[in-house]
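Q: One structure, as structure tokens, below. Some questions next.
There are 2 protein chains.
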Amino acid sequence: MKLFVTGAATTKFGELWNASPRGLARHAVFEALKDAETLPSSVEALFVGNMLSGMLGGQEHLGAFFAEELGLTVPAFKVEGACASGGLALHNAVNSLLSGQYTTVAVLGIEKMTDHKPEDVATALMGAGSEEERSAGATFPGLYAILARVHMREFGTTEEDLAAVAVKNHLHASLNPNAQFHNTLTVEQVMKSSRIADPLKLLDCSPISDGAAAVILSIHKTQRGVELSASAVATDTLGLAQRKDLTQLAATRDASQKAYAIAGVTEADIDVAEVHDCFTIAEVLAMEDLGFFPKGKAAAAIAQGKTTVGNGKHVVVNPSGGLKGCGHPVGATGVKQIVELVDQLRGIAGKRQVSGARVGLAHNVGGSGATAVIHILKK
Amino acid sequence: MKLFVTGAATTKFGELWNASPRGLARHAVFEALKDAETLPSSVEALFVGNMLSGMLGGQEHLGAFFAEELGLTVPAFKVEGACASGGLALHNAVNSLLSGQYTTVAVLGIEKMTDHKPEDVATALMGAGSEEERSAGATFPGLYAILARVHMREFGTTEEDLAAVAVKNHLHASLNPNAQFHNTLTVEQVMKSSRIADPLKLLDCSPISDGAAAVILSIHKTQRGVELSASAVATDTLGLAQRKDLTQLAATRDASQKAYAIAGVTEADIDVAEVHDCFTIAEVLAMEDLGFFPKGKAAAAIAQGKTTVGNGKHVVVNPSGGLKGCGHPVGATGVKQIVELVDQLRGIAGKRQVSGARVGLAHNVGGSGATAVIHILKK
Chain A
126 MKLFVTGAAT TKFGELWNAS PRGLARHAVF EALKDAETLP SSVEALFVGN MLSGMLGGQE
186 HLGAFFAEEL GLTVPAFKVE GACASGGLAL HNAVNSLLSG QYTTVAVLGI EKMTDHKPED
246 VATALMGAGS EEERSAGATF PGLYAILARV HMREFGTTEE DLAAVAVKNH LHASLNPNAQ
306 FHNTLTVEQV MKSSRIADPL KLLDCSPISD GAAAVILSIH KTQRGVELSA SAVATDTLGL
366 AQRKDLTQLA ATRDASQKAY AIAGVTEADI DVAEVHDCFT IAEVLAMEDL GFFPKGKAAA
426 AIAQGKTTVG NGKHVVVNPS GGLKGCGHPV GATGVKQIVE LVDQLRGIAG KRQVSGARVG
486 LAHNVGGSGA TAVIHILKK
Chain B
126 MKLFVTGAAT TKFGELWNAS PRGLARHAVF EALKDAETLP SSVEALFVGN MLSGMLGGQE
186 HLGAFFAEEL GLTVPAFKVE GACASGGLAL HNAVNSLLSG QYTTVAVLGI EKMTDHKPED
246 VATALMGAGS EEERSAGATF PGLYAILARV HMREFGTTEE DLAAVAVKNH LHASLNPNAQ
306 FHNTLTVEQV MKSSRIADPL KLLDCSPISD GAAAVILSIH KTQRGVELSA SAVATDTLGL
366 AQRKDLTQLA ATRDASQKAY AIAGVTEADI DVAEVHDCFT IAEVLAMEDL GFFPKGKAAA
426 AIAQGKTTVG NGKHVVVNPS GGLKGCGHPV GATGVKQIVE LVDQLRGIAG KRQVSGARVG
486 LAHNVGGSGA TAVIHILKK
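First to last, the sequence lines map onto chains A and B. Under the numbering used here, the residues of the first sequence are numbered 126 to 504, in order. Under the numbering used here, the residues of the second sequence are numbered 126 to 504, in order.
See the structure below:
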């Protein structure tokens with residue numbers, strides 16, 4: 126059975142002080158329905174990806190919460206897997222269609238982070254990690270800094286190479302009206318920004334963001350629908366200490382191999398990818414673990430512009446601006462990646478359009494690599 | 126495609142001061158695997174139902190968390206929908222099998238509530254309800270008290286009728302070695318217990334509990350496997366104020382009608398049911414909304430013993446002891462209901478065995494009726 130993304134929309138991402146979770150959800154879902162040229166009554170189930178609403182806002186039961194807000198009296202589910210919540214919600218939505226239970230469903234990814242104190246947000250985010258790491262005082266920048274250190278030691282990756290990821294993604298974000306940041310960066314600016322968790326600096330880190338994204342998935346083909354060809358998930362240990370190898374995220378490798386097989390493509394077929402660059406090192410790892418570059422070769426390639434919009438021949442990575450430039454409202458990220466790919470494959474991505482894009486890949490990660498979700502879309 | 130519950134197990138439910146969430150999960154899942162006579166390596170995905178771990182314990186990302194603890198490097202998901210989290214996790218697991226993505230999966234429902242102060246638990250539980258109700262100071266006993274008042278006014282239901290639900294469920298629990306309570310009750314004891322939210326008294330309310338339950342679901346039939354014939358979900362408004370009718374939970378009615386149609390049965394075919402008696406009035410509503418009794422007639426029937434083990438002819442309800450007698454570790458409840466039905470349909474439920482049970486129904490509710498999940502199992 127073939128599945129199609131028939132509608133896709135995001136809100137603007139950013140520090141949306143005047144927006145409520147309800148308003149963000151309405152905007153994303155109703156715009157996605159409009160984009161799908163269908164009515165709310167065609168939606169048979171709602172899947173919500175969110176991580177922090179319970180811990181920070183005391184509101185759980187978000188399936189029913191948003192179903193009521195959207196006027197949808199349909200089965201509704203919240204799926205949570207830290208920063209991969211959006212991707213996991215999509216995976217369960219895909220299964221629900223393939224199972225024959227539903228024929229058209231909506232997937233909403235949403236997070237409202239700026240209503241809370243940054244230190245509370247940082248504490249809550251550590252809910253994605255292992256108890257040992259949390260009680261030892263580790264933070265996510267700290268965990269990714271360890272991964273960066275190992276990569277630098279093993280492959281000679283430099284801080285400037287990492288900085289180049291942020292430079293590229295801000296360039297892309299400057300071309301995306303919905304992105305959180307529209308300022309471009311230089312390697313020097315990244316290098317001079319405050320050190321957060323050495324060797325990662327402030328401008329190596331994705332921001333705290335508000336935003337929502339929604340897609341309408343259906344078994345019915347529409348004229349503007351984009352085929353969703355594969356949805357695959359893999360899991361690794363929650364903490365870094367239990368892993369055999371810190372030069373890769375094994376879950377990314379495993380999920381992408383599964384997804385390539387399901388979609389009948391190889392990494393060479395991917396024209397455009399939205400990957401989980403929560404920190405600059407994460408994009409370097411993703412490039413290698415997805416098979417786009419040999420291990421140890423991605424950082425230099427990114428710095429040479431090989432994955433920048435307009436490169437002409439290689440895969441373009443994070444044309445939306447990625448988590449770094451477009452913003453990272455945790456539960457929304459995995460769904461926003463799909464929205465960007467749909468725009469790219471439809472050829473309506475404006476100044477950040479990847480010319481001739483026919484196959485797209487989305488890569489959403491939870492924690493420091495415990496969960497990886499891959500989706501592949503085809504024109 | 127037919128699906129089978131090939132293994133099922135619960136921990137003891139109760140105030141398990143010496144147990145950890147990790148230990149409870151290991152016990153439930155490994156016992157379920159043993160019951161299924163299969164190895165952990167046969168499990169291809171893990172679905173976790175849990176509500177409170179993030180809000181009360183700061184630990185989210187429970188799919189990966191428990192996958193690591195159980196030594197399962199498979200796709201893992203947390204599904205949340207308040208007290209229906211277990212049922213919703215099961216529904217998504219069912220879809221994942223019907224979709225063809227996986228062939229054998231594990232579903233774990235778990236909650237560890239007694240590690241936290243009761244007032245914190247009560248506050249966190251209100252995360253299941255509407256913002257308006259929460260900020261107005263409503264509690265779940267208060268919301269169900271409103272439903273009880275309406276039922277008493279419309280149908281002449283008495284406080285003694287409600288008490289009879291608790292009496293029956295404690296009787297059943299006294300026959301269940303894994304139940305939280307083994308003491309039997311009299312109507313007089315219930316009537317004399319402290320008033321929590323008039324007309325509901327302490328002994329009308331399900332307790333705060335710890336516990337875990339797990340089932341192994343497979344597309345492969347086994348000798349002891351029990352067929353899972355239907356999985357259906359329905360949604361209503363989060364808050365009571367938005368509902369047209371407070372004499373019923375419309376989500377229960379809608380989900381059960383869907384499930385009967387899928388399974389090709391009617392309410393008259395159900396021999397044994399595990400229903401969501403978070404408060405005694407909830408079981409009365411469930412009896413009517415599931416179609417077992419006409420509206421307004423269930424309370425007297427329960428009081429007459431028509432749904433008690435050994436009644437000989439009518440459906441037996443909550444042989445496990447239900448939420449009231451067996452305990453209500455929120456995320457575990459929807460999965461424990463399945464474990465009880467599997468035991469009943471296999472004829473191994475000991476002193477609480479419903480003789481000749483061939484068709485069972487599980488009814489799991491989130492909030493004050495915003496989510497209802499129905500599963501039907503056949504011998």
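Even glycine gets a Cβ: it sits at the ideal position worked out from N, Cα and C. Note that the structure is predicted; figures quoted are calculated from it, not measured.
Just confirm the distance between the C-beta atoms of residue 293 of chain A and residue 427 of chain A, as a whole number of angstroms; I'd bet it's less than 8 angstroms.
A: 6 angstroms
Q: Could you tell me if residue 140 of chain B is buried or exposed, where buried requires 16 or more neighbouring beta carbons within 10 angstroms of its beta carbon?
A: exposed
Q: Give a yes or no on whether the C-beta atoms belonging to residue 161 of chain B and residue 347 of chain B are separated by under 9 angstroms.
A: yes
Q: Counting only beta-carbon atoms, is residue 225 of chain B nearer than 9 angstroms to chain A?
A: yes
Q: Does the beta-carbon of residue 406 of chain A have 16 or more other beta-carbons within 10 angstroms, so that it is buried, or is it exposed?
A: When all chains shown are included, residue 406 of chain A counts as buried.
Q: Is there a Cβ of chain A sitting closer than 9 angstroms to that of residue 127 of chain B, yes or no?
A: no
Q: Measure the C-alpha to C-alpha separation of residue 356 of chain A and residue 322 of chain B and round it to an integer number of angstroms.
A: 47 angstroms
Q: Closer than 9 angstroms, CB to CB, is residue 255 of chain B near chain A or not?
A: yes
Q: Closer than 8 angstroms by beta-carbon distance: list the chain B residues that pair up with residue 213 of chain A, in chain order.
A: Here the neighbours are 188 and 202.
Q: Who are the near neighbours of residue 414 of chain A in its chain, counting only those whose CB is closer than 6 angstroms to its CB and skipping five residues on each side?
A: 373, 374, 377 and 378
Q: Residue range of the beta strand (DSSP E) that residue 235 of chain A falls in?
A: 229–237
Q: Quick one: which chain B residues come within Cβ less than 8 angstroms of residue 217 of chain A?
A: Simply 202, 204, 217, 220 and 221.
Q: With burial defined as no fewer than 16 other Cβ atoms inside 10 Å of the residue's Cβ, what is the status of residue 477 of chain A: buried or exposed?
A: buried
Q: Whole angstroms is fine: what's the gap from residue 450 of chain B's alpha carbon to residue 142 of chain A's?
A: 47 angstroms
Q: Suppose the cutoff is 6 angstroms on Cβ atoms and the five residues either side in sequence are ignored; what does the same chain contact list for residue 368 of chain B look like?
A: 362
Q: Measure the alpha-carbon distance for residue 248 of chain B versus residue 239 of chain B and round it to whole angstroms.
A: 14 angstroms
Q: For residue 391 of chain B, count neighbouring Cβ atoms within 10 angstroms of its own Cβ and tell me buried if that reaches 16, exposed if not.
A: exposed
Q: At a cut of 8 angstroms, does the region 338–354 of chain B reach the region 490–497 of chain A through at least three beta carbon pairs?
A: no
Q: Nearest by alpha-carbon distance to residue 515 of chain A: which of A/352, A/444, A/416 and A/235 is it?
A: Lying outside 126 to 504, the shown extent of chain A, residue 515 of chain A is not represented and no answer is given.
Q: State the DSSP-derived secondary structure class of residue 504 of chain B, mapped to helix, strand or coil.
A: coil
Q: How about residue 450 of chain B: is its Cβ closer than 8 angstroms to a heavy atom in the ligand HEM?
A: In terms of ligand content, the structure shown is empty, and the ligand HEM therefore cannot be addressed.
Q: List the residues of chain B whose Cβ lies closer than 9 angstroms to the Cβ of residue 180 of chain A, in chain order.
A: 179, 180, 183 and 185
Q: Label residue 448 of chain B either buried or exposed according to how many other C-beta atoms from any shown protein chain fall within 10 Å of its C-beta, with 16 as the threshold for buried.
A: buried
Q: Closer than 9 angstroms by beta-carbon distance: list the chain A residues that pair up with residue 193 of chain B, in chain order.
A: 255, 360, 361, 362, 363, 364, 367 and 495
Q: Using a cut-off of 7 angstroms between C-beta atoms, extract the partners of residue 207 of chain B located in chain A.
A: Listed by position along chain A, the residues whose Cβ is nearer than 7 angstroms to that of residue 207 of chain B are 185 and 186.
Q: Taking only beta-carbon positions, decide if residue 267 of chain B is within less than 9 angstroms of chain A.
A: no
Q: Per DSSP, what kind of secondary structure is residue 333 of chain A in: helix, strand or coil?
A: coil
Q: For residue 438 of chain A, does the three-state DSSP call read helix, strand or coil?
A: coil
Q: Does the Cβ-Cβ distance between residue 216 of chain A and residue 400 of chain A come in under 9 angstroms?
A: no
Q: First and last residue of the beta strand (DSSP E) that includes residue 417 of chain A?
A: Element bounds for residue 417 of chain A: n/a, residue is neither H nor E.
Q: In angstroms, rounded to a whole number, what distance separates the CA positions of residue 439 of chain A and residue 425 of chain A?
A: 14 angstroms
Q: What residues in its chain sit with their C-beta under 7 angstroms from that of residue 144 of chain B, if we drop five residues either side in the sequence?
A: Apart from sequence neighbours up to five positions away, the residues of its chain that approach residue 144 of chain B with a beta-carbon distance below 7 angstroms are 335, ordered along the chain.
Q: Is the CB-CB distance between residue 237 of chain A and residue 419 of chain A below 9 angstroms?
A: Going by C-beta atoms, residue 237 of chain A is not nearer than 9 angstroms to residue 419 of chain A.
Q: Taking 9 angstroms as the cut-off, decide whether the C-beta atoms of residue 252 of chain B and residue 175 of chain B are in contact.
A: No, they are not a contact pair.
Q: With a 10 Å radius around its C-beta and 16 neighbouring C-beta atoms as the bar for buried, classify residue 512 of chain B as buried or exposed.
A: The requested residue 512 of chain B is not part of the displayed model; chain B covers only 126 to 504.
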